[in-house]
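Chains as they are written, first to last, in the working numbering: chain C, 1 to 351; chain W, 1001 to 1684.
This is the structure in structure tokens:
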């Protein structure tokens, strides 16, 4: 019942909403980023972070730091917070929280499968996986030779199993196949998540469908841009777009036939919310598109906190933290490689 | 008014008078001066580098070094904890060392520890692996003894492997060669068609999923045998105690072997070769055992060596940690200071109570002489426009009360401090609720115990709960004393009344009245001299009587307390010369409170004194609903009706008086001041 969440939401969700809002207030602010951008060494970054909530996670690291350590520890904090929330959550919030991690699960599956295809060490690959997307038998993925085996041996036990129904083929795995698999899985995942949020109803449905629609549209644009000039046919491309979002269905028709970035731009500029994103870019440029999309996403995620009594805040918080970790990674990389002039290229301020 | 002015100064009530001071400290004595001031604890530095981020400050390198040292100390402490030792300060006095020396020593210690750990870790890993191997040999051997029967069952399952038994004789000879090779992971015979096996060990928690995965990959063409190990063993990879399970998988085909090995790797199962031949197996077991005992002695020697090193560090650990923490605090404070133009002096500003001026100057003087500085520290008082911080001087009795009050809010500079009253009112109000002299005595004993052991308990680290009790020991003491007092008034000792102050004033009219305790009683002597008459206990009207008594008492206490608060606000306003607050806040508040609730208190007292049976609820409610109606039987005194109307009118007038004028007057003053040119400090 829309508008009446205030009556009952706090019975189960109140505590965790308070927790997540508390977590949000720990996000780094623009002032923090400005200070971080002035750092000369990674130790300076550590010193600055030690005054934030990351302090306890970094304090026991011996001094020659690496970017990976910083990112790893920051991710660890996110994972700890996520686990805490998941342990406290009741249905349907716990299912909602689990849905958030499926995206990472897909990424991890793809990472391991691609890695084994290129004969990389499994342990090494496992270290690179996002800890939120881990599941029990993930290491066994290396055994599989084709999609069918992948599904039958490993994924059938995971929540990803239903998403696989679209891409079971007996073809051997190759890079192209895997990329298509990733996008098909992601499409199925987003659609499922979208359906799930719709069943929750109320403000959650309203806010989450907005956020997920943006995510779907962004993926559609990315798929289009990445598939320009590859052997992916128009119909195949069309199949990878999620069946919801602002672009669905007419925008997808237009995107499916795009042959270069300017055509994508022409197609997208018909949609007012995306017009502002593309108007920031000069013609023929796609480098800055990622950042522009990230900025728009952060803006939308922050707005999710403006309304109370819905689950969107959990999704928004996780996404914002991930963006923050991406920012920290970029800053640390720039500092470590002495490229401080480029530090502002990819940092998206959250507040 | 004059009388109030002539009252002695309320020193306890007001926070200490503060002054803003500027220190100009020569660089060479800065460190010592700050550390002496830190020991004194009477000066609060202002951060003069607010705009700089932590790593842009002057002493950032020293702070970093301290942080690094404390990280090393934490590492060492953790190592000591892991080794199961307790760091204790050494009995012999230790020589003082300076920070540079400590840094070098810590570096050495950490390096040594890491090296020792690395060595023993490698050994430990080998040891664990061998231990696992031993387990596998034992358990898997048992399976293999009955292999014949297993193979027979396999034969029926696997149609393509009919000749298994025949091949078996040949394969067993090949096994010997393979089994002798320790590094060879694959014990199974290389025969293409035969049933082969892989043996290994896996965590108990993973075994179910492992088996299912094996079943899926081989499409059921395998036989999985498992046996739990006798006790928990250390995992070679993570070095944690886990329960493990020895398994033997029988399968056929080269493809399956590759897959199974991959799965083993993915699940972190360690595979060990087991010879099928009993004699060969025994031989290997013997070898493993001898290796194990060798390793054990080496490991033990290593551990002893490490423990010795750790104990010797443990002697100093507490002192070093203290020292590093102190150094870090000093540098953090130094980071709040500014360099002057010549770069030879540090300039600091801070707040200190006026009474501490001489102490601070003494400390600074000491710092100058101790560091052989040519120039002394310049200490002078500055004029300040901003409001000074609130500082209450407390001792260990008042400290706990001050903390209770601070939890609700800290008074502004020189505002009246409610903690002074709290010392009595807090324990007393607690006792009004707690009121039982039996429980009170228990509490008293507890509090006395804490106070008697104050010296001992104060020096050691207590748990969070004990720490709270210990911090509030004087609160507990007063609470228990008041509880005993209130308990005597309520006449309750563990909820049982006692005839302490003589016999009850009531007695039965005749001998048969024992059940009807309140009806058949007559008062035959004077009222019970102290507290509640014990006869109330168990009577039918006990609850209504005590409830009414306590409720009315609570109202009286509450209103007295509220009046006290408002009167304090009057003294505040007087102190700060703020007539606005008196006229538009204190006066209407007093009128409002006392015209309604003060009147109620008056009624309660009159009712108690006169023994009237008037219904006070009725009086209070109808005072609002129909103020002009006659009170009838609820009338307590002459002229009550007129008084009520007057009080009601006063209360109605007090509300807008209290709410409206003050903000408008403040706004007018504000606009006047912002319009005038002078932007000076102003006080209302």
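We put the CB at the ideal spot given by N, CA and C, even for glycine.
Heavy atom of the ligand ADP within 7 Å of residue i beta-carbon
i: residue 46 of chain C; result: Ligands in the displayed structure: none, and consequently the ligand ADP is not present.
Three-way DSSP call (helix, strand, coil) for residue i in this model
i: residue 1349 of chain W; result: strand
i: residue 1716 of chain W; result: Residue 1716 of chain W is absent from the model: chain W starts at 1001 and stops at 1684.
i: residue 1018 of chain W; result: strand
i: residue 1252 of chain W; result: strand
i: residue 1396 of chain W; result: coil
i: residue 137 of chain C; result: coil
i: residue 223 of chain C; result: helix
i: residue 1195 of chain W; result: strand
i: residue 1378 of chain W; result: strand
i: residue 1215 of chain W; result: helix
i: residue 1592 of chain W; result: helix
i: residue 1685 of chain W; result: An answer regarding residue 1685 of chain W cannot be provided, because it is not within the stretch 1001 to 1684 covered by chain W.
i: residue 1262 of chain W; result: helix
i: residue 1663 of chain W; result: helix
i: residue 1227 of chain W; result: strand
i: residue 1247 of chain W; result: strand
i: residue 1234 of chain W; result: strand
i: residue 1202 of chain W; result: strand
CB contact below 8 Å: residue i versus chain C
i: residue 1266 of chain W; result: yes
i: residue 1068 of chain W; result: yes
i: residue 1213 of chain W; result: yes
i: residue 1325 of chain W; result: no
i: residue 1257 of chain W; result: no
i: residue 1507 of chain W; result: no
i: residue 1074 of chain W; result: yes
Neighbour-count burial assignment, residue i, 16 or more Cβ in a 10 Å radius
i: residue 282 of chain C; result: exposed
i: residue 1588 of chain W; result: buried
i: residue 313 of chain C; result: buried
i: residue 1135 of chain W; result: buried
i: residue 416 of chain C; result: The requested residue 416 of chain C is not part of the displayed model; chain C covers only 1 to 351.
i: residue 1333 of chain W; result: buried
i: residue 1348 of chain W; result: buried
i: residue 1509 of chain W; result: exposed
i: residue 1118 of chain W; result: exposed
i: residue 18 of chain C; result: exposed
i: residue 1213 of chain W; result: buried
i: residue 34 of chain C; result: exposed
i: residue 1672 of chain W; result: exposed
Test: residue i CB closer than 8 Å to a CB of chain W
i: residue 148 of chain C; result: no
i: residue 332 of chain C; result: no
i: residue 152 of chain C; result: yes
i: residue 143 of chain C; result: yes
i: residue 140 of chain C; result: yes
i: residue 352 of chain C; result: For residue 352 of chain C there is no data in the structure shown, the boundaries of chain C being 1 and 351.
i: residue 136 of chain C; result: yes
- Could I get the ranges of all uninterrupted beta strand (DSSP E) runs contained in the stretch 1436-1515 of chain W, with 3 residues as the minimum, in chain order? Counting whole runs of 3 or more residues, the stretch 1436-1515 of chain W contains the beta strand (DSSP E) stretches 1506-1508.
- Query: According to a CB-to-CB cut-off of less than 9 Å, which residues of the stretch 1049-1068 of chain W neighbour chain C?
  - Reply: Under the 9 Å Cβ criterion, the stretch 1049-1068 of chain W contributes 1053, 1054, 1055, 1056, 1060, 1063, 1064, 1067, 1068.
- Check distances from the C-beta atoms of the stretch 48-72 of chain C to those of chain W and list, in chain order, the residues that come in under 9 Å. Within the stretch 48-72 of chain C, the qualifying residues are 48, 50, 51, 59, 60, 61, 62, 63.
- If you measure beta-carbon to beta-carbon, which residues of the stretch 19-50 of chain C are closer than 8 Å to chain W? Answer set for the stretch 19-50 of chain C: 35, 38, 39, 40, 43, 44, 47, 48, 50.
- What are the start and end residues of each continuous alpha helix (DSSP H) run of 4 or more residues lying completely inside the stretch 1268-1340 of chain W, in chain order? Listed in chain order, they are 1278-1334.
- Query: Closer than 9 Å, Cβ to any Cβ of chain B: which residues of the stretch 1261-1295 of chain W, in chain order?
  - Reply: The structure shown contains no chain B; its protein chains are C and W.
- Item | Every unbroken alpha helix (DSSP H) within the stretch 8-84 of chain C, with a cutoff of 4 residues, ordered by chain | Taking only runs of at least 4 residues, the alpha helix (DSSP H) segments lying wholly in the stretch 8-84 of chain C are 14-24, 30-37, 42-49, 55-58.
- What residues in the stretch 1215-1232 of chain W have a beta carbon less than 9 Å from any beta carbon of chain C? For the stretch 1215-1232 of chain W, the set of positions with a beta-carbon nearer than 9 Å to some beta-carbon of chain C reads 1216, 1217 in chain order.
- Task: Taking only beta carbons into account, state which residues of the stretch 223-235 of chain C come closer than 8 Å to chain W, listed in chain order.
- Result: Result list empty, no residue passes.
- Message: For a minimum of 4 consecutive residues, which ranges assigned as the alpha helix (DSSP H) are wholly contained in the stretch 1010-1081 of chain W?
- Response: Listed in chain order, the complete alpha helix (DSSP H) runs (minimum 4 residues) inside the stretch 1010-1081 of chain W are 1027-1040.
- Task: Could you list the residues in the stretch 94-116 of chain C with a C-beta less than 7 Å from some C-beta on chain W, going in chain order?
- Result: Those would be none; no residue qualifies.
- Item | alpha helix (DSSP H) segments (min. 4 residues) lying fully within the stretch 250-336 of chain C | If we require 4 residues or more, the alpha helix (DSSP H) runs fully inside the stretch 250-336 of chain C come out as 250-256, 261-268, 272-279, 289-304, 312-336.
- Message: So if I threshold CB-CB distances at 9 Å, which residues from the stretch 1448-1464 of chain W count as touching chain C?
- Response: With the criterion set as a beta carbon lying under 9 Å from some beta carbon of chain C, the stretch 1448-1464 of chain W has no members that meet it.
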